[in-house]
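Enquirer:
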Amino acid sequence: MRTIEAGAITDAVEKTFMEITHLLGDDLVAALEKAHREEESPLGKEILSHLLQNVKIGREEKMPVCQDTGTSVVFVEMGQEVQVVGGGLFEAINQGVGQAYTKGYLRASIVRDPILRGSTGDNTPPVVHVEVAPGNQFKITMMAKGSGCENMSRFSMLTPAQGRKGIIDFVVDTVRRGGGRPCPPLIVGVGLGGTFDQAAWIAKKSLFRRVGAHHSEPHIRELEEELLEKVNNLGMGPQAWGGRITALSVHVEKYPTHIASLPVAVNIECHSHRVRTVAL
Amino acid sequence: MPEFVRIRAPMDEAAVLSLRAGQKVLISGVLYSGRDATHKRMIELIQKGEPLPFDLKGQIIYYLGPTPARPGQVIGSAGPTTSSRMDPYMLPLYEKGLKGTIGKGNRSQEVIDLIKKYKAVHFSNIGGAAALIAKSIKKCDMIAFKDLGTEAIYRLEVEDFYCIVAYDSEGNDLYKEAMARYGR
Ligand code: SF4
Numbered sequence: 009m010r011t012i013e014a015g016a017i018t019d020a021v022e023k024t025f026m027e028i029t030h031l032l033g034d035d036l037v038a039a040l041e042k043a044h045r046e047e048e049s050p051l052g053k054e055i056l057s058h059l060l061q062n063v064k065i066g067r068e069e070k071m072p073v074c075q076d077t078g079t080s081v082v083f084v085e086m087g088q089e090v091q092v093v094g095g096g097l098f099e100a101i102n103q104g105v106g107q108a109y110t111k112g113y114l115r116a117s118i119v120r121d122p123i124l125r126g127s128t129g130d131n132t133p134p135v136v137h138v139e140v141a142p143g144n145q146f147k148i149t150m151m152a153k154g155s156g157c158e159n160m161s162r163f164s165m166l167t168p169a170q171g172r173k174g175i176i177d178f179v180v181d182t183v184r185r186g187g188g189r190p191c192p193p194l195i196v197g198v199g200l201g202g203t204f205d206q207a208a209w210i211a212k213k214s215l216f217r218r219v220g221a222h223h224s225e226p227h228i229r230e231l232e233e234e235l236l237e238k239v240n241n242l243g244m245g246p247q248a249w250g251g252r253i254t255a256l257s258v259h260v261e262k263y264p265t266h267i268a269s270l271p272v273a274v275n276i277e278c279h280s281h282r283v284r285t286v287a288l
Numbered sequence: 311m312p313e314f315v316r317i318r319a320p321m322d323e324a325a326v327l328s329l330r331a332g333q334k335v336l337i338s339g340v341l342y343s344g345r346d347a348t349h350k351r352m353i354e355l356i357q358k359g360e361p362l363p364f365d366l367k368g369q370i371i372y373y374l375g376p377t378p379a380r381p382g383q384v385i386g387s388a389g390p391t392t393s394s395r396m397d398p399y400m401l402p403l404y405e406k407g408l409k410g411t412i413g414k415g416n417r418s419q420e421v422i423d424l425i426k427k428y429k430a431v432h433f434s435n436i437g438g439a440a441a442l443i444a445k446s447i448k449k450c451d452m453i454a455f456k457d458l459g460t461e462a463i464y465r466l467e468v469e470d471f472y473c474i475v476a477y478d479s480e481g482n483d484l485y486k487e488a489m490a491r492y493g494r
């Protein structure tokens, strides 16, 4: 049995949220640079150059790239030979989030109750998912998930007869309805199959993939490529002020499903794409 | 046509009427921040017949909830939030003389009609460019609703604050025109 101190988890969570909110991943930056080269609309190009300047200021001055420093989403892949000692797993993560948002001058965006509202003051609690993995690995993926884009996510129970075409129509329509609200250029995460809950979760998980990386199965990869082309043909472009690059990439994940079902979840992510995986 | 139109905030009527959807604008002067909880509370004050923390006449509200300022900073990161969430609150604010709003994304047809009726204007700025946008904010004072934290009202002095006219006083719509032009 491998043991991991709860304190080490807290430290990793604190450090990671403090960093990812101002330091974007090289995959995202490369995607923005490519978009800047390829965008046809002069205004769209100008927006992308502002976003690249913004990324630079974030990196150099350690300023959050976006004022919405998000809901803290934490995904733990925990080997079955690992034991957390010196405190509870959830409490360790929760504390790391609270410390990061307080010490890092990040925005406390979480309210205590969806109806009564009222800030919790330090962005806790995070949304935590844990999966059991083989061996003694311990990996934590952390995402600061903006809500302007999260709010534009949608779910539908399609019928098997609607099939691939139904999926494409639903995804493209979701992006069209979002318009400028989720801050395009976007990363579009799609979850197909499973149940109501599973489709939404794998849509979120698809966003943990490197920006622009494709699914390993050819028919899903082709679907991702076709979706990206169709989404960009909407003509919304950066900020929906007109242009060719509405999305930087589309990621699709799938899961076996019931004979009667075709669940489709679309999780919309913005260009302030703050995600990192850390192994302890 | 010059690349940017320069305007002062608060705005006079002539300035508002001259603006056209799609024009790039640099705003200098004073903006007030406000987002979801801020609007809810302002509307409650209006309904109770109580005074608002600032006179809305000719003013621009910026849909903003910034990150906390670090020591030595004027303000933290300060990009726009989604405009359409404020749609249900707009009528009483226009009735009190509000002339402009700044946020990201399209608004409802109802608000576009109100903008036309009350001869107002709605600007969009770049969602997610928050560290860059903060550079054009030169002064920031919390003036009301301190308990709302990031949703308090901040009086912001801005210089060359970059925006685009999204909806003008004649009902023109940047978003609709943009999609028609680049869609395939
Ligand atoms: S959608 Fe993304 S870029 Fe836009 S305000 Fe929210 S977190 Fe920032």
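So the sequence lines, in the order shown, correspond to chains A and B. Using the working numbering, read the first sequence as starting at 9 and increasing by one per residue. Using the working numbering, read the second sequence as starting at 311 and increasing by one per residue. We put the beta carbon where it would ideally sit given N, CA and C, even for glycine.
For glycine 386 (chain B), which option in B:Lys449, B:Leu484 and B:Pro320 has the closest C-alpha, if you only look at C-alpha atoms?
Expert: Taking the first residue of the second sequence as position 1, residue 386 (chain B) is located at position 76. Answer by Cα proximity: B:Lys449.
Enquirer: Is any beta-carbon of chain B found at less than 9 angstroms from that of glutamine 4 (chain A)?
Expert: Given a span of 9 to 288 for chain A in the structure shown, any question on residue 4 (chain A) remains unanswerable.
Enquirer: Can you give me the Cβ contacts of valine 326 (chain B) inside the same chain, cut-off strictly under 8 angstroms, excluding the 5 residues immediately before and after it?
Expert: As a position in the second sequence, residue 326 (chain B) is number 16, starting the count at 1. Lys409, Gly410, Lys429, Ala430, Val431 and Ser479.
Enquirer: Indicate the three-state DSSP secondary structure (helix, strand or coil) for phenylalanine 178 (chain A) in the structure shown.
Expert: Position 170 of the first sequence, counted from the start, is the residue given in the question as residue 178 (chain A). Correct three-state label for phenylalanine 178 (chain A): helix.
Enquirer: Here's a check: name, in chain order, each residue in its chain whose Cβ is nearer than 8 angstroms to the Cβ of valine 180 (chain A), leaving out the five neighbours to either side.
Expert: Here residue 180 (chain A) refers to the residue found at position 172 of the first sequence. Within the same chain, valine 180 (chain A) has close Cβ partners Leu235, Lys238, Val239 and Leu242.
Enquirer: So if I threshold CB-CB distances at 8 angstroms, which residues from the stretch 55-76 of chain A count as touching chain B?
Expert: Residues passing the 8 angstroms Cβ filter: Ile55, His58, Leu59, Gln61, Asn62, Ile65, Gly66, Glu69, Met71, Pro72, Val73, Cys74, Gln75 and Asp76.
Enquirer: Around the Cβ of arginine 318 (chain B), are there at least 16 other Cβ atoms within 10 angstroms (buried) or fewer (exposed)?
Expert: The residue labelled residue 318 (chain B) in the question sits at position 8 within the second sequence. Flag for arginine 318 (chain B) reads exposed.
Enquirer: Could you tell me whether the Cβ of tryptophan 249 (chain A) comes closer than 9 angstroms to any Cβ of chain B?
Expert: The residue you call residue 249 (chain A) lines up with position 241 of the first sequence. Chain B contact via Cβ: present.
Enquirer: According to DSSP, is asparagine 62 (chain A) helix, strand or coil?
Expert: If you number the first sequence from 1, residue 62 (chain A) lands on position 54. Asparagine 62 (chain A): helix per DSSP, three-state reduction.
Enquirer: Checking 9 angstroms against the spacing of the C-beta atoms, do glycine 199 (chain A) and valine 260 (chain A) come in under that value?
Expert: Translated into positions along the first sequence, residue 199 (chain A) becomes position 191. Translated into positions along the first sequence, residue 260 (chain A) becomes position 252. Contact flag set, yes.
Enquirer: So that I know if they touch, is there some Cβ in chain A lying closer than 9 angstroms to that of glycine 438 (chain B)?
Expert: Residue mapping note: residue 438 (chain B) aligns to position 128 of the second sequence, counting from 1. Chain A, which has a Cβ nearer than 9 angstroms to the Cβ of glycine 438 (chain B), makes this yes.
Enquirer: To the nearest angstrom, how far is the alpha carbon of methionine 311 (chain B) from that of leucine 51 (chain A)?
Expert: Taking the second sequence and counting its residues from 1, one reaches residue 311 (chain B) at position 1. Taking the first sequence and counting its residues from 1, one reaches residue 51 (chain A) at position 43. For methionine 311 (chain B), the pLDDT reaches just 42, beneath the cut-off of 50, and the residue's location in the model is therefore unreliable, although a value from the coordinates is still provided. One C-alpha to the other measures close to 15 angstroms.
Enquirer: In the structure shown, what three-state DSSP assignment does serine 80 (chain A) receive?
Expert: The residue you call residue 80 (chain A) lines up with position 72 of the first sequence. It is a strand residue.
Enquirer: Express the C-alpha separation of glutamate 89 (chain A) and alanine 444 (chain B) in angstroms, rounding to a whole number.
Expert: Looking up residue 444 (chain B) in the second sequence gives position 134. Looking up residue 89 (chain A) in the first sequence gives position 81. If you take the alpha carbons of alanine 444 (chain B) and glutamate 89 (chain A), they lie about 48 angstroms apart.
Enquirer: Determine the chain B residues that contact tyrosine 113 (chain A) at a beta-carbon separation under 7 angstroms, and present them in chain order.
Expert: Taking the first residue of the first sequence as 1, we reach residue 113 (chain A) at position 105. Annotation: Cβ neighbours of tyrosine 113 (chain A) in chain B (cutoff 7 angstroms, chain order): Thr377, Pro378, Arg380 and Gly386.
Enquirer: Determine the DSSP secondary structure at aspartate 457 (chain B), reduced to helix, strand or coil.
Expert: Stepping through the second sequence from its first residue, residue 457 (chain B) is reached at position 147. Of the three classes helix, strand and coil, the one that applies to aspartate 457 (chain B) here is helix, per DSSP.
Enquirer: Using a C-beta cutoff of 9 angstroms, does leucine 242 (chain A) count as contacting chain B?
Expert: One-based indexing of the first sequence puts residue 242 (chain A) at position 234. Judged by the 9 angstroms Cβ criterion, leucine 242 (chain A) is in contact with chain B.
Enquirer: Name the chain B residues that come within less than 9 angstroms of histidine 44 (chain A), Cβ to Cβ?
Expert: Here the question's residue 44 (chain A) lines up with position 36 in the first sequence. Simply none; closest approach about 14 angstroms.
Enquirer: Using a Cβ cut-off of 9 angstroms (strictly closer), state whether asparagine 482 (chain B) contacts chain A.
Expert: Position 172 of the second sequence, counted from the start, is the residue given in the question as residue 482 (chain B). No, asparagine 482 (chain B) lies away from the interface with chain A (no Cβ there is under 9 angstroms from its Cβ).
Enquirer: How would you list, in chain order, the residues of chain A whose beta-carbon sits under 8 angstroms from the beta-carbon of alanine 331 (chain B)?
Expert: Position 21 of the second sequence, counted from the start, is the residue given in the question as residue 331 (chain B). Per Cβ cutoff of 8 angstroms: no residues; alanine 331 (chain B) is ~11 angstroms from chain A at best.
Enquirer: So that I know if they touch, is there some Cβ in chain B lying closer than 9 angstroms to that of alanine 152 (chain A)?
Expert: Locating residue 152 (chain A) in the first sequence gives position 144, counting from the first residue. No, no contact with chain B.
Enquirer: Give the list of continuous beta strand (DSSP E) stretches no shorter than 3 residues that lie fully inside the stretch 410-479 of chain B.
Expert: With a minimum length of 3 residues, the continuous beta strand (DSSP E) runs that stay inside the stretch 410-479 of chain B are 410-413, 431-434, 447-454 and 463-477.
Enquirer: Is it buried or exposed for glutamate 233 (chain A), if we count other Cβ within 10 angstroms and need 16 for buried?
Expert: Position 225 of the first sequence, counted from the start, is the residue given in the question as residue 233 (chain A). Answer is exposed; the Cβ neighbour count stays below 16.
Enquirer: Please tell me whether, using a cut-off of 8 angstroms, the distance from the CB of proline 390 (chain B) to the nearest non-hydrogen atom of the ligand SF4 is below it.
Expert: Here residue 390 (chain B) refers to the residue found at position 80 of the second sequence. Yes, the Cβ of proline 390 (chain B) comes within 8 angstroms of a heavy atom of the ligand SF4.
Enquirer: Can you tell me which of A:Phe204, A:Arg185, A:Ser214 and A:Leu60 puts its alpha carbon nearest to the alpha carbon of serine 269 (chain A)?
Expert: Start at 1 with the first residue of the first sequence, and residue 269 (chain A) comes out as number 261. Distance from the Cα of serine 269 (chain A) is smallest, within the candidate group A:Phe204, A:Arg185, A:Ser214 and A:Leu60, for A:Phe204.
Enquirer: Looking only at C-alpha atoms, which of A:Asn62, A:Glu69, A:Thr79 and A:Val63 sits nearest to glycine 382 (chain B)?
Expert: Reading the second sequence from its first residue, position 72 is the one you call residue 382 (chain B). Nearest Cα to glycine 382 (chain B) within the set A:Asn62, A:Glu69, A:Thr79 and A:Val63: A:Glu69.
Enquirer: Could you say which of A:Asn131, A:Arg162 and A:Ile123 lies nearest to lysine 111 (chain A) if we only look at CA atoms?
Expert: In the first sequence, counting from the first residue as 1, residue 111 (chain A) sits at position 103. When C-alpha distances from lysine 111 (chain A) are compared across A:Asn131, A:Arg162 and A:Ile123, the shortest belongs to A:Asn131.
Enquirer: Could you work out which residues of chain B lie near glycine 156 (chain A), taking near to mean beta carbons separated by less than 8 angstroms?
Expert: The count along the first sequence starts at 1 and reaches residue 156 (chain A) at position 148. Simply Thr391, Thr392, Lys414, Gly415 and Gly437.
Enquirer: Which residues in the same chain as proline 271 (chain A) place their Cβ atom closer than 8 angstroms to its Cβ, once the five residues preceding and following it in sequence are excluded?
Expert: The sequence position of residue 271 (chain A) within the first sequence is 263, counting from 1. Here the set comprises Phe163, Ser164, Met165, Leu166, Gly199, Leu200, Gly201, Gly202, Thr203, Phe204, Gln206, Ala207 and Thr265.
Enquirer: When you compare the CB of proline 190 (chain A) with every CB in chain B, is at least one pair closer than 9 angstroms?
Expert: Locating residue 190 (chain A) in the first sequence gives position 182, where the first residue counts as 1. Yes - at least one Cβ of chain B is within 9 angstroms of the one on proline 190 (chain A).
Enquirer: Determine contact between the stretch 101-117 of chain A and the stretch 454-462 of chain B, defined as no fewer than three beta-carbon pairs at a distance below 8 angstroms.
Expert: Taking a cut-off of 8 angstroms for Cβ pairs, the stretch 101-117 of chain A and the stretch 454-462 of chain B touch, as three or more such pairs fall below it.
Enquirer: Consider the Cβ of leucine 51 (chain A): report whether some Cβ of chain B lies at a distance smaller than 9 angstroms.
Expert: For the purposes of this step, residue 51 (chain A) is identified with residue 43 of the first sequence, where counting begins at 1. Yes, because at least one Cβ of chain B sits closer than 9 angstroms to the Cβ of leucine 51 (chain A).
Enquirer: Just the chain D side, please: which residues come within less than 8 angstroms of alanine 116 (chain A) by C-beta, in chain order?
Expert: Among the chains of the structure shown, chain D does not appear; the protein chains present are A and B.
Enquirer: Can you pull the chain B residues whose beta carbon is under 8 angstroms from the beta carbon of arginine 172 (chain A), in chain order?
Expert: Here residue 172 (chain A) is taken as the residue at index 164 of the first sequence, counted from 1. Going along chain B, no residue has its Cβ under 8 angstroms from arginine 172 (chain A), so there is no contact; the nearest lies around 21 angstroms.
Enquirer: Arginine 252 (chain A) touches chain B at which residues, Cβ-Cβ below 7 angstroms?
Expert: Mapped onto the first sequence, residue 252 (chain A) falls at position 244. Within chain B, the residues near arginine 252 (chain A) are Tyr492.
Enquirer: What is the DSSP secondary structure of methionine 311 (chain B), counted as helix, strand or coil?
Expert: The count along the second sequence starts at 1 and reaches residue 311 (chain B) at position 1. For methionine 311 (chain B), the predicted structure reports a pLDDT of 42, less than 50, and the residue's modelled location is therefore unreliable. The matter cannot be settled from this model.
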